[in-house]
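The structure appears below as structure tokens.
2 protein chains.
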Amino acid sequence: MVVQIELTDDDVNRIFRALADATRRDIVRRTLVAEVSVSQLAESYDMSFAAVQKHVAALEEAGLVTKEPRGRERIVRGDPERIRQAQRLLDQFEQIWRSRIDRLDALLDEKE
Amino acid sequence: MVVQIELTDDDVNRIFRALADATRRDIVRRTLVAEVSVSQLAESYDMSFAAVQKHVAALEEAGLVTKEPRGRERIVRGDPERIRQAQRLLDQFEQIWRSRIDRLDALLDEKE
DNA sequence: CTAACGTACAACCAAATGGTTGTACAAATT
DNA sequence: AATTTGTACAACCATTTGGTTGTACGTTAG
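Chains as they are written, first to last, in the working numbering: chain C, 779 to 890; chain D, 779 to 890.
This is the structure in structure tokens:
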């Protein structure tokens with residue numbers, strides 16, 4: 779089992795910030811489907827290579843993708859584990875909500 | 779059952795952008811636990827009332843909280859449904875990953 | 001060897017973000 | 001009626017973001 783390292787606020791900020799852009803979300807999708815080089819990614823979007831490079835860098839800092847050298851290329855891979863961490867973060871909110879409902883229910887039961 | 783309106787890219791941007799800030803995440807948590815006024819929220823954070831007001835506005839535009847007038851106060855409530863929508867978005871990424879793995883598995887099976 | 005390819009990185013720019021203070025006004029309190 | 005409370009909103013400012021172009025450099029192809 780993978781050890782859960784606690785995410786700092788800044789980590790979480792970077793993760794959600796990285797996901798708050800349509801181009802970056804698309805890059806995550808594509809790199810989850812298959813390995814792609816930065817230049818291959820860049821062909822898909824109506825912006826400069828450097829701009830795509832920056833998006834990949836933002837995703838890498840957020841831990842949502844990893845980059846590995848292969849010859850002169852850099853292969854980008856989406857990291858499903860980081861996605862799951864983000865899911866867990868949202869699940870915490872869900873839990874907070876549910877525990878509130880549970881408390882309200884308990885209160886109603888008492889009054890019966 | 780609630781009808782699922784398709785979220786635009788901008789909607790999704792706003793949701794994740796809103797979650798990419800520790801103060802705003804805290805506001806979401808607090809307003810999921812109980813109804814709170816904007817001024818009550820503002821007491822908790824080391825920034826001006828206006829700054830907190832802006833954070834609440836960002837969350838409201840993202841649909842993560844709703845604001846309702848009560849006398850001179852504005853009551854803020856977290857919206858669990860929007861959280862679930864965000865979860866579904868992350869789940870789509872998860873699905874993409876899983877279908878890739880499934881395809882790889884199928885390929886291996888064929889070769890046996 | 002030379003040329004083309006893929007990447008890194010710096011410098012620059014406009015727009016957005018996240019904070020501030022100040023003003024205005026309705027609602028509640030005294 | 002006068003004051004305080006809670007909010008809205010504008011103006012302002014520094015920093016960050018998201019794009020650009022240009023330069024440099026290692027790797028691959030001819």
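Ideal Cβ positions, reconstructed from N, Cα and C, are used throughout, including at glycine. In this text, all values refer to a predicted model and were calculated from it rather than measured experimentally.
Interface flag for I874 (chain D) against chain C is set, since a Cβ pair is found closer than 8 Å.
Under the three-state reduction of DSSP output, T844 (chain D) falls in the strand class. Taking all protein chains shown into account, D887 (chain D) has fewer than 16 neighbouring C-beta atoms within 10 Å of its C-beta and is therefore exposed. In summary, R866 (chain C) is exposed, with fewer than 16 beta-carbon neighbours lying within 10 Å of its beta-carbon over all protein chains present.
If you draw a 10 Å sphere on the C-beta of I861 (chain D), you find 16 or more other C-beta atoms in it, and that means buried. With a cutoff of 8 Å on beta-carbon distance, L810 (chain D) and G841 (chain D) are scored as not near each other. Annotation: the continuous alpha helix (DSSP H) that includes V790 (chain D) extends over 787–797. It is roughly 14 Å from the alpha-carbon of R852 (chain C) to the alpha-carbon of E821 (chain C). For D880 (chain C), not one C-beta of chain D is nearer than 8 Å to its own C-beta. Boundaries cannot be given for I783 (chain C), as no beta strand (DSSP E) includes it and DSSP labels it neither H nor E. Judged by DSSP secondary structure, R803 (chain D) falls within the alpha helix (DSSP H) whose first and last residues are 800–811. A straight-line Cα-Cα distance of about 28 Å links Q818 (chain D) and V790 (chain D).
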